[in-house]
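*Asks:* Residues in the sequence shown are numbered consecutively from 0, following numbering that gives the first Met the number 0. First, the structure itself, so that you have it in front of you.
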Amino acid sequence: MSALAAQPLAQNLVQSVDWLAVAPPTVVALAGLAVLVADLFVAERRKPLLGWASVAGLAASLLLLLPLLDGDRATFCLTGATRACSYVADPFTLVVQLLVLGGALVAALLSVTALKDADRGLPEGEYWFLLLSSAAGAALLPASRDLATLVVALEVASLPAFALVGLRHGDRRSSEAALKFFLSSVTATAVSLLGVSFVYAATGTLHLTEIAGRVQDVDGQLTTLARTGVVLTLVGFAFKTAAVPFHFWVPDTYAGAPLPVAAYLSVVGKAVGFSGLILVTVVALPSYADVWGPALAALAALTMTVGNAGALRQHGTRAYSAVRLLAWSSVGQAGYLLVPIAAAAYSDDPERSIGSTLAYALMYGAVNLGAFAVAALVGRTKSRNRLTDYRGLYATNPLTALLLAFFLLCLAGLPPGIIGLFAKVTVFSAAVDAGLGWLAVVMAVNVVIALYYYLRWTALLFRAPAGEPRKHLVPAPLTAALAVTAVLAAALSGAPQLILRFADTGLF
0 MSALAAQPLA
10 QNLVQSVDWL
20 AVAPPTVVAL
30 AGLAVLVADL
40 FVAERRKPLL
50 GWASVAGLAA
60 SLLLLLPLLD
70 GDRATFCLTG
80 ATRACSYVAD
90 PFTLVVQLLV
100 LGGALVAALL
110 SVTALKDADR
120 GLPEGEYWFL
130 LLSSAAGAAL
140 LPASRDLATL
150 VVALEVASLP
160 AFALVGLRHG
170 DRRSSEAALK
180 FFLSSVTATA
190 VSLLGVSFVY
200 AATGTLHLTE
210 IAGRVQDVDG
220 QLTTLARTGV
230 VLTLVGFAFK
240 TAAVPFHFWV
250 PDTYAGAPLP
260 VAAYLSVVGK
270 AVGFSGLILV
280 TVVALPSYAD
290 VWGPALAALA
300 ALTMTVGNAG
310 ALRQHGTRAY
320 SAVRLLAWSS
330 VGQAGYLLVP
340 IAAAAYSDDP
350 ERSIGSTLAY
360 ALMYGAVNLG
370 AFAVAALVGR
380 TKSRNRLTDY
390 RGLYATNPLT
400 ALLLAFFLLC
410 LAGLPPGIIG
420 LFAKVTVFSA
430 AVDAGLGWLA
440 VVMAVNVVIA
450 LYYYLRWTAL
460 LFRAPAGEPR
470 KHLVPAPLTA
480 ALAVTAVLAA
490 ALSGAPQLIL
500 RFADTGLF
């Protein structure tokens with residue numbers, strides 16, 4: 000009799016898997032395992048093939064996004080009275096997966112040259128396995144619609160990144176960077192898990208859509224617990240997004256990591272943090288907008304201000320000053336990305352605000368990876384990667400100098416970087432429409448401040464070389480990375496509506 004009574008419950012627990020929906024992160028994970036196993040059998044002189052296999056795996060995962068464009072898909076769903084799913088492939092998921100997998104692909108192209116130049120200083124099999132594992136977790140996160148899957152995806156994306164930062168054996172700077180990254184991220188994870196446990200205790204569910212409904216009817220005695228859980232969860236994700244005052248790990252980590260890993264963290268790491276933050280706030284906790292809205296607005300203002308101030312302080316002759324400037328710039332850009340998420344708390348159309356964040360993130364991803372690609376090229380002959388090392392780049396590599404100037408102007412929001420200007424206007428409009436005029440003013444001031452250090456770097460490219468001009472040879476993988484980012488940035492500047500339409504359409 001008990002077996003018969005348990006049968007309906009067992010049927011409700013049976014999960015059907017939509018393999019096409021989960022294909023993009025699955026293919027990346029399988030490629031990582033294949034590379035790790037192949038590393039045991041491939042001869043040393045054939046190790047570069049592992050890199051190209053990884054590039055192929057990431058390219059295949061990007062192509063698998065195309066069949067998902069025909070409509071929303073969901074899998075791992077409850078089959079009882081309430082239909083809540085753990086994995087959803089909707090427009091929001093696909094846009095973030097495009098950013099994550101595209102960023103990982105460009106970082107992989109940069110890595111092919113970096114590993115060759117390292118001359119066995121970096122273990123190739125482990126490197127590619129860690130990069131692909133992190134990319135798989137990053138691609139899983141935007142599709143996660145329950146807190147357990149969200150936390151697991153976050154850690155799968157983060158843990159391999161620690162090892163990537165400190166993978167150079169015997170390099171003290173790399174080890175120090177990895178330690179700072181690890182300690183800050185572990186702290187963020189602990190705080191996030193505590194917040195998640197409080198939210199679960201108050202609502203009794205892990206699914207984001209069910210939390211959104213139940214958290215409004217929390218018993219009075221549990222209201223404080225729920226609010227504390229919301230705040231702690233926000234603090235945890237603030238670490239992941241490098242929001243001030245949780246940003247201290249960024250400059251040293253970027254300067255100490257292999258340059259392709261720094262490029263990966265600057266784009267993919269941010270995409271992971273922001274997509275998780277959006278899911279927790281807008282999807283799971285819209286009724287607590289009065290808690291997370293003001294907090295995110297204050298974080299946005301503080302982050303963009305401190306980030307730009309840090310970039311202004313970079314001296315051209317300091318070692319790794321170019322990478323550090325990009326690191327501080329990424330902190331400032333994180334502040335701009337936080338603005339529309341904060342605006343969603345005050346807006347009648349939060350989906351439009353989130354669309355502004357995604358549009359800005361796509362622009363930032365394309366041009367920031369391009370800037371890192373040029374930094375990787377210069378770093379091949381100027382290992383200290385100072386800002387002064389870029390002086391006179393136009394005299395030796397005219398096309399590369401023009402590309403870097405274009406990328407920097409996009410980040411600054413100046414023509415001909417039209418997409419940078421339009422993306423900033425979209426974010427600015429989201430703040431104004433939500434009634435956050437003071438935040439829009441802070442953003443405008445910071446955009447003006449950022450012009451100084453972007454234009455100062457740009458001007459260096461066209462000055463007379465300080466010493467004997469030295470031409471930078473561009474290997475094929477670096478050429479491919481520069482070409483991909485340049486074409487994307489140019490196409491988006493010519494037709495900004497390709498991504499700005501996200502600011503006017505529903506994403507959930």
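Glycine is no exception: its CB is placed at the ideal position from the N, C-alpha and C atoms.
Under 8 Å, with one C-beta from each stretch per pair, do the stretch 391-406 and the stretch 432-445 reach the 3-pair mark?
*Replies:* The stretch 391-406 is not in contact with the stretch 432-445.
*Asks:* Tell me whether the stretch 384-397 and the stretch 121-133 touch, counting them as touching only if at least three CB pairs, one residue from each stretch, are closer than 8 Å.
*Replies:* The stretch 384-397 vs the stretch 121-133: no contact.
*Asks:* Tell me which residue opens and which closes the alpha helix (DSSP H) that residue 451 is part of.
*Replies:* Numbered from 1 along the sequence shown, position 452 holds the residue referred to as residue 451. Note, residue 451: alpha helix (DSSP H), 436-460.
*Asks:* Ignore the nearest five residues each way along the sequence and tell me which others in residue 197's own chain have a CB closer than 6 Å to its CB.
*Replies:* Here residue 197 refers to the residue found at position 198 of the sequence shown. Correct list, in chain order: 224, 227 and 228.
*Asks:* Considering only C-alpha positions, which residue in the set 259, 263 and 187 is nearest to residue 242?
*Replies:* Along the sequence shown, one-based indexing puts residue 242 at 243. Ranking 259, 263 and 187 by Cα distance to residue 242 puts 187 first.
*Asks:* Which same chain residues, not among the five before or five after residue 364, have their C-beta less than 8 Å away from its C-beta?
*Replies:* As a first step, residue 364 must be located in the sequence shown, where it is residue number 365. If we look at residue 364 and ignore the five residues flanking it on each side, its Cβ neighbours are 98, 101, 102, 266 and 270.
*Asks:* Contact check, residue 135 vs residue 151 under 8 Å by CB: the rounded distance?
*Replies:* Taking the first residue of the sequence shown as 1, we reach residue 135 at position 136. Taking the first residue of the sequence shown as 1, we reach residue 151 at position 152. Contact flag wrong, Cβ pair sits at about 11 Å.
*Asks:* If you draw a straight line from the C-alpha of residue 426 to the C-alpha of residue 434, how long is it?
*Replies:* For the purposes of this step, residue 426 is taken as residue 427 along the sequence shown, with counting starting at 1. For the purposes of this step, residue 434 is taken as residue 435 along the sequence shown, with counting starting at 1. Whole-angstrom Cα-Cα distance: 13 Å.
*Asks:* Report the start-end ranges of each alpha helix (DSSP H) in the stretch 148-232 that is 4 residues or longer and not cut off at the edges.
*Replies:* If we require 4 residues or more, the alpha helix (DSSP H) runs fully inside the stretch 148-232 come out as 171-202 and 207-213.
*Asks:* Whole angstroms are fine: how far does the CA of residue 120 sit from the CA of residue 169?
*Replies:* Counting from one through the sequence shown, the residue named residue 169 turns up at place 170. Counting from one through the sequence shown, the residue named residue 120 turns up at place 121. The straight-line gap from Cα to Cα measures roughly 9 Å.
*Asks:* Can you grab the Cα-Cα spacing for the pair residue 256 / residue 110, in whole Å?
*Replies:* The residue labelled residue 256 in the question sits at position 257 within the sequence shown. The residue labelled residue 110 in the question sits at position 111 within the sequence shown. Taking the straight line joining both Cα atoms gives about 12 Å.
*Asks:* Thinking C-alpha only, which one of 486, 354 and 287 is nearest residue 214?
*Replies:* By 1-based counting over the sequence shown, the position of residue 214 is 215. Nearest option by C-alpha distance: 287.
*Asks:* Could you tell me the alpha carbon to alpha carbon distance between residue 222 and residue 183, rounded to whole angstroms?
*Replies:* Start at 1 with the first residue of the sequence shown, and residue 222 comes out as number 223. Start at 1 with the first residue of the sequence shown, and residue 183 comes out as number 184. Taking the straight line joining both Cα atoms gives about 29 Å.
*Asks:* Does the count of Cβ pairs from the stretch 366-377 and the stretch 311-318 closer than 8 Å reach three?
*Replies:* Result no; under three Cβ-Cβ pairs closer than 8 Å.
*Asks:* Using the beta-carbon count (16 or more within 10 Å), is residue 70 buried or exposed?
*Replies:* Counting from 1 along the sequence shown, the entry for residue 70 is found at position 71. Flag for residue 70 reads exposed.
*Asks:* State the Cα-Cα distance for the pair residue 258 and residue 83, rounded to the nearest angstrom.
*Replies:* Position 259 of the sequence shown, counted from the start, is the residue given in the question as residue 258. Position 84 of the sequence shown, counted from the start, is the residue given in the question as residue 83. Rounded to the nearest angstrom, the two C-alpha atoms are 41 Å apart.
*Asks:* Can you grab the Cα-Cα spacing for the pair residue 235 / residue 464, in whole Å?
*Replies:* Your numbering for residue 235 matches position 236 in the sequence shown. Your numbering for residue 464 matches position 465 in the sequence shown. The alpha-carbon atoms of residue 235 and residue 464 are separated by roughly 46 Å.
*Asks:* Which residue wins for smallest C-alpha separation from residue 116, given the options 459, 472, 498 and 481?
*Replies:* The residue given as residue 116 occupies position 117 in the sequence shown. Among 459, 472, 498 and 481, the Cα nearest to that of residue 116 belongs to 472.
*Asks:* Check whether the Cβ atoms of residue 369 and residue 449 lie closer than 8 Å to each other.
*Replies:* Here the question's residue 369 lines up with position 370 in the sequence shown. Here the question's residue 449 lines up with position 450 in the sequence shown. No. Outside cutoff.
*Asks:* Can you name, in chain order, every residue of its own chain whose Cβ lies under 8 Å from the Cβ of residue 126, other than the five neighbours on each side?
*Replies:* By one-based count along the sequence shown, residue 126 stands at place 127. Taken in chain order, the residues that qualify are 110, 114, 163 and 166.
*Asks:* Report the rounded CA-to-CA distance for residue 484 versus residue 477, giving the unit in angstroms.
*Replies:* On the sequence shown, residue 484 is found 485 positions in, with the first residue counted as 1. On the sequence shown, residue 477 is found 478 positions in, with the first residue counted as 1. Distance between the alpha carbons of residue 484 and residue 477 is about 11 Å.
*Asks:* First and last residue of the beta strand (DSSP E) that includes residue 85?
*Replies:* Within the sequence shown, the letter at position 86 stands for residue 85. Taken as a continuous stretch (DSSP letters only), the beta strand (DSSP E) holding residue 85 covers 84-88.
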